[in-house]
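Engineer: Here the numbering used here = 1-based position in the sequence shown + 1275. Even for Gly, the Cβ is constructed at its ideal location relative to N, Cα and C. Source: prediction; values computed, not measured.
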Amino acid sequence: MSRALLMVSGAVVLVLGVVLLFFWHQRVVELTGAEWLISRLGLRAVEAAVLYGGTWLCVRGWNGRKA
């Protein structure tokens, strides 16, 4: 059960990350009012962290061992 929960939560993180960060990227940049370089680098770092975290959860759930 916990393996399935890890995989589902990883998929949810990936989908929400794609929807919120990639599709609304320009809107978020406009809302921050930050410098071009800082806002772009910061958002790219958050995007990478979300994708890495979601992928890690999915892989951990898939490869998990029964206790």
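(1) Going by the beta-carbon positions, is the gap between glycine 1329 and leucine 1289 smaller than 8 Å?
(2) Can you tell me which of Ser1277, Leu1326 and Leu1280 puts its alpha carbon nearest to the alpha carbon of leucine 1296?
(3) Distance check for serine 1277 and valine 1334, CA to CA, integer angstroms please.
(4) So, are the CB atoms of leucine 1332 and glycine 1285 less than 8 Å apart?
(5) Return helix, strand or coil for tyrosine 1299, following the three-state DSSP convention.
Structural biologist: Let me lay it out:
(1) In this structure, glycine 1329 sits near leucine 1289, with a CB-CB distance shorter than 8 Å.
(2) Residue Leu1326 holds the alpha-carbon nearest to the alpha-carbon of leucine 1296 among Ser1277, Leu1326 and Leu1280.
(3) Answer to the nearest angstrom: the Cα atoms are 13 Å apart.
(4) Yes; because the gap between Cβ atoms is below 8 Å, this pair is in contact.
(5) The displayed chain sequence assigns tryptophan, not tyrosine, to residue 1299. Residue state for tryptophan 1299 is assigned as coil, using DSSP reduced to three classes.
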